[in-house]
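Here the structure comes first, spelled out in C-alpha cells, and everything after it is commentary.
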Amino acid sequence: MYEVIGKIKNDINKKMDPFEMRKYKSEIIIYEKYSEGLFRIEENDYLNILFEFDKSKDCTLKSSTYDGEVRGVFSSRSPCRPNKIGITTVKLLKREGNILLVKGLDALNDSPVIDIKPYVASFDDYKIKRTTLNSDKNSPRKDIIRMIKNEEIETLLLEAGRLHGHFCPGLALGVISSAYAMKRISVSNDGMEKVLAITETNNCMSDGIQYVTGCTFGNNALVFKDFGKNAFTLTKRDGKGLRVKVRNDYRDRISSEDQEFFELFDKVVKKRLGTEDEEARFKLLSQKAAFNLIKLSFDDIFLVENVSVEIPGYAPIHDSIICKNCLENTMQTRIKAGFCLNCYNKGYMELNGLGISKK
Ligand SMILES: [Zn+2]
Ligand SMILES: [Zn+2]
Numbered sequence: 000m001y002e003v004i005g006k007i008k009n010d011i012n013k014k015m016d017p018f019e020m021r022k023y024k025s026e027i028i029i030y031e032k033y034s035e036g037l038f039r040i041e042e043n044d045y046l047n048i049l050f051e052f053d054k055s056k057d058c059t060l061k062s063s064t065y066d067g068e069v070r071g072v073f074s075s076r077s078p079c080r081p082n083k084i085g086i087t088t089v090k091l092l093k094r095e096g097n098i099l100l101v102k103g104l105d106a107l108n109d110s111p112v113i114d115i116k117p118y119v120a121s122f123d124d125y126k127i128k129r130t131t132l133n134s135d136k137n138s139p140r141k142d143i144i145r146m147i148k149n150e151e152i153e154t155l156l157l158e159a160g161r162l163h164g165h166f167c168p169g170l171a172l173g174v175i176s177s178a179y180a181m182k183r184i185s186v187s188n189d190g191m192e193k194v195l196a197i198t199e200t201n202n203c204m205s206d207g208i209q210y211v212t213g214c215t216f217g218n219n220a221l222v223f224k225d226f227g228k229n230a231f232t233l234t235k236r237d238g239k240g241l242r243v244k245v246r247n248d249y250r251d252r253i254s255s256e257d258q259e260f261f262e263l264f265d266k267v268v269k270k271r272l273g274t275e276d277e278e279a280r281f282k283l284l285s286q287k288a289a290f291n292l293i294k295l296s297f298d299d300i301f302l303v304e305n306v307s308v309e310i311p312g313y314a315p316i317h318d319s320i321i322c323k324n325c326l327e328n329t330m331q332t333r334i335k336a337g338f339c340l341n342c343y344n345k346g347y348m349e350l351n352g353l354g355i356s357k358k
C-alpha cells in the first residue's frame with residue numbers, strides 16, 4: 000500500500016506518444032501534509048518521479064514497444080502494468096513552495112504522485128560500458144529510433160558524423176530528410192530489408208540517409224539510382240513511400256557565412272586549389288553550415304511527395320564457387336567460364352565516386 004503525496008498538473012489530457020509527452024512542462028503539486036519533505040529538493044537537477052497510471056487499462060503482459068519490438072511488461076515502460084506505477088527521471092526547473100516545475104514527465108494531467116527521489120549520478124548512473132549492454136545488442140538502433148521520434152536532429156547529425164568523417168551541409172540534408180521520412184512513415188528498421196531507401200545521389204547526403212534510415216549498402220536496403228539529384232525515397236515493401244527532395248532555391252535561405260562556404264567549396268573541393276588556410280576555413284564553415292541547416296524550417300529546404308515505387312525482391316543468397324585462377328570463393332552469379340570477374344577482367348560493375356559503370 001502507498002499514500003498519494005501530490006498531483007501532477009500539465010496540458011496532457013489524453014494519451015500520446017511518450018516522446019511527445021516529454022516535451023511538456025508539468026507542475027507537481029505536493030500536498031501540504033508532505034511539503035516539509037521538499038526541504039532542499041531544489042539542490043537537485045534531476046528527480047525520479049514515481050506516479051500512478053490511474054487512467055490506464057488492464058495490465059497487458061506483452062505488447063509492442065516504441066522500437067516496433069514485442070516485449071513483456073517488465074521489459075517495457077508500458078502504462079498497462081499490474082501495479083500501474085510509472086517512474087520517470089525529469090529535469091527540475093524550479094521549486095515554488097510546494098510546487099515543483101519539471102520537464103520531461105510523461106504523465107497525464109491529474110496523475111497521482113506516489114514518491115519523489117533525487118537522481119543521484121553516483122547511485123543511478125552505473126557508468127556501464129555500452130558494449131556490455133544486452134539491450135544494445137538486441138536492438139542496436141534503439142537510440143537512433145528514440146532520436147528520430149524525439150526529433151533530436153543535432154544528436155543524429157553528430158552521430159552521423161562518425162560514419163561520414165566530417166560535417167557538411169550534404170550530411171545534414173541527409174539526416175534532416177531521413178529523420179522526417181522515418182517519423183512520417185513510422186517505421187523501425189532492423190536492417191532486414193523491411194524498409195528501403197532509394198537514394199538518387201552518391202554524395203554526402205547519402206551517408207546521412209544510411210545512418211538515420213538504417214538502409215545501407217551492406218544490408219541491401221539501400222537502392223542507388225544514379226540520377227545525380229539531392230533526393231531520396233523511403234518506402235516500405237508495399238512500394239508506397241515518401242520522396243523528399245532538396246528545394247532548388249534552398250541556398251537562398253542560408254546565411255552569408257554559409258554562402259562563403261559554397262564559394263570556398265568551389266575552390267577547395269571542386270578545383271582542388273585551396274591553400275592550407277582556405278582548407279581550414281572551409282572545414283570550419285562546412286561544419287557551421289551543417290549545424291545551421293538543422294535550425295532552418297523543414298519546408299524552407301525540402302519538398303515532399305507521396306510516391307509509389309517499384310521495389311526489388313529480397314536480395315538473393317547464392318552459393319559460392321571457387322575461381323579456377325585465384326582460388327577465391329566467389330558468388331556463383333559472378334563466375335564466368337570458371338573465373339571470377341576479377342580474373343576474367345571484364346564484365347563487372349563498379350560503383351565509385353563517379354557513379355556506377357561497367358568495366
Ligand atoms: Zn560531406
Ligand atoms: Zn579469381
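Reading the sequence shown from the start, the letters are residues 0 to 358 in numbering that gives the first Met the number 0. Yeah, the Cβ is synthetic: ideal placement off N, Cα and C, and Gly gets one too.
>> Quick check on the burial criterion: 16 or more other C-beta atoms within 10 angstroms. Buried or exposed for Ser-356?
In response: Mapped onto the sequence shown, residue 356 falls at position 357. Exposed is the call here.
> Any idea what DSSP makes of Ile-27, helix, strand or coil?
Replying inline: As a first step, residue 27 must be located in the sequence shown, where it is residue number 28. Strand.
>> In the DSSP output, what is Pro-387 paired with across the bridge?
In response: The structure shown does not extend to residue 387, since the chain spans only 0 to 358, so no value can be given for it.
> What residue ranges within the segment 154–211 form continuous beta strand (DSSP E) runs of no fewer than 3 residues, ordered along the chain?
Replying inline: 194–198
> For Asn-324, is the beta carbon positioned less than 7 Å from some heavy atom of ligand 2?
Replying inline: In the sequence shown, residue 324 corresponds to position 325, counting from 1. The answer is yes for Asn-324.
> If we count the other Cβ atoms within 10 Å of its Cβ and call it buried at 16 or more, is Thr-200 buried or exposed?
Replying inline: Here residue 200 corresponds to residue number 201 of the sequence shown, with the count starting at 1. Thr-200 comes out buried.
> Which residues in the same chain as Lys-56 place their Cβ atom closer than 7 Å to its Cβ, once the five residues preceding and following it in sequence are excluded?
Replying inline: Residue mapping note: residue 56 aligns to position 57 of the sequence shown, counting from 1. The answer, listed in chain order, is Cys-79.
>> Could you compute how far the alpha carbon of Lys-24 sits from the alpha carbon of Leu-353?
In response: To locate residue 24, count along the sequence shown from 1; it is residue 25. To locate residue 353, count along the sequence shown from 1; it is residue 354. Using only the alpha carbons, I get a separation of about 51 Å.
>> Restricting to Cα atoms, I'd like to know which of Arg-280, Ile-27, Gly-273 is closest to Leu-104.
In response: Position 105 of the sequence shown, counted from the first residue, corresponds to residue 104. Taking only the C-alpha atoms, the option nearest Leu-104 is Ile-27.
> What does DSSP give as the partner residues of Leu-302 in its beta bridges?
Replying inline: Against the sequence shown, residue 302 aligns to sequence position 303. The partner list for Leu-302 (beta bridge, DSSP) reads Lys-244.
> Taking DSSP as the reference, what is the three-state secondary structure of Thr-332?
Replying inline: Locating residue 332 in the sequence shown gives position 333, counting from the first residue. If DSSP states are grouped into helix, strand and coil, Thr-332 belongs with the helices.
>> Is Cys-342 a contact residue of ligand 2, with contact defined as CB to any heavy atom under 7 Å?
In response: What you label residue 342 is simply residue 343 of the sequence shown in a count that begins at 1. Under cutoff, so the answer is yes.
> So, are the CB atoms of Ile-293 and Ile-152 less than 8 Å apart?
Replying inline: In the sequence shown, the residue the question calls residue 293 occupies position 294. In the sequence shown, the residue the question calls residue 152 occupies position 153. Yes.
> For ligand 1, is there a heavy atom less than 7 Å away from the beta-carbon of Gly-238?
Replying inline: For this step, residue 238 is matched to residue 239 along the sequence shown. No.
>> Suppose you measure from the CA of Glu-41 to the CA of Arg-94; what does that come to, to the nearest Å?
In response: Here residue 41 is taken as the residue at index 42 of the sequence shown, counted from 1. Here residue 94 is taken as the residue at index 95 of the sequence shown, counted from 1. Between Glu-41 and Arg-94, the C-alpha separation is close to 6 Å.
> Where does Asn-149 sit, in a helix, a strand or coil, going by DSSP?
Replying inline: Counting from one through the sequence shown, the residue named residue 149 turns up at place 150. Asn-149 falls in the helix class under three-state DSSP.
>> Going by DSSP, what residue range makes up the alpha helix (DSSP H) through Met-348?
In response: Working through the sequence shown from its first residue, we reach residue 348 at position 349. Segment 348–351 is the beta strand (DSSP E) holding Met-348; no alpha helix (DSSP H) there.
>> With a threshold of 7 Å on Cβ separation, who are the neighbours of Glu-277 within its own chain once the five nearest residues in sequence on each side are excluded?
In response: Translated into positions along the sequence shown, residue 277 becomes position 278. Hits under 7 Å: Leu-263, Lys-266, Val-267.
> Which runs of the beta strand (DSSP E) fall wholly inside the segment 231–286 and span at least 3 residues, in chain order?
Replying inline: 239–245
> In angstroms, rounded to a whole number, what distance separates the CA positions of Asp-142 and Ser-134?
Replying inline: As a working note, residue 142 is residue 143 in the sequence shown. As a working note, residue 134 is residue 135 in the sequence shown. Rounded to the nearest angstrom, the two C-alpha atoms are 11 Å apart.
>> For ligand 1, is there any heavy atom lying closer than 7 Å to the beta carbon of Gly-169?
In response: Translated into positions along the sequence shown, residue 169 becomes position 170. Yes; taking the cut-off as 7 Å, the Cβ of Gly-169 has a heavy atom of ligand 1 nearer than that.
> According to the Cβ coordinates, are Ile-7 and Asp-114 closer than 8 Å?
Replying inline: The residue given as residue 7 occupies position 8 in the sequence shown. The residue given as residue 114 occupies position 115 in the sequence shown. Cβ distance not < 8 Å, so Ile-7 and Asp-114 don't count as in contact.
>> Just to check my reading of the structure: Arg-161 and Leu-241 have Cβ atoms closer than 8 Å, yes? What is that Cβ distance to the nearest angstrom?
In response: Numbered from 1 along the sequence shown, position 162 holds the residue referred to as residue 161. Numbered from 1 along the sequence shown, position 242 holds the residue referred to as residue 241. Between Leu-241 and Arg-161 the Cβ distance is about 26 Å, and since that is not below 8 Å, they are no contact.
> Taking the continuous beta strand (DSSP E) assigned at Ser-62, which residues delimit it?
Replying inline: As a position in the sequence shown, residue 62 is number 63, starting the count at 1. Run containing Ser-62: 61–63, per the beta strand (DSSP E) assignment.
> Span of the alpha helix (DSSP H) holding Leu-340?
Replying inline: Here residue 340 corresponds to residue number 341 of the sequence shown, with the count starting at 1. Element bounds for Leu-340: 340–343.
> For Lys-335, which residues of its own chain have a beta-carbon under 7 Å away from its beta-carbon, when the five flanking residues on both sides are left out?
Replying inline: As a working note, residue 335 is residue 336 in the sequence shown. So the qualifying residues of the chain are Tyr-343, Gly-346.
> Excluding the five sequence neighbours on either side, which residues of its own chain have a C-beta within less than 7 Å of the C-beta of Gln-331, listed in chain order?
Replying inline: Indexing the sequence shown from 1 puts residue 331 at position 332. If we look at Gln-331 and ignore the five residues flanking it on each side, its Cβ neighbours are His-317, Asp-318, Ser-319, Ile-320.
> Per DSSP, Pro-111 forms a beta bridge with which residues?
Replying inline: Counted from its first residue, the sequence shown places residue 111 at position 112. Answer by DSSP bridge pairing, in chain order: Lys-6.
>> Quick test of the definition: if touching needs 3 or more C-beta pairs under 8 Å, does the segment 166–177 touch the segment 226–235?
In response: yes
> When the distance is taken between beta carbons, is Val-245 closer than 8 Å to Met-195?
Replying inline: Residue 195 sits at position 196 when you count from the first residue of the sequence shown. Residue 245 sits at position 246 when you count from the first residue of the sequence shown. The sequence as given places Leu at residue 195; Met does not occur at that position. No, the Cβ-Cβ distance between Leu-195 and Val-245 is not below 8 Å.
> From Asp-299 to Arg-252, what distance separates their C-alpha atoms?
Replying inline: As a working note, residue 299 is residue 300 in the sequence shown. As a working note, residue 252 is residue 253 in the sequence shown. Taking the straight line from one Cα to the other gives about 7 Å.
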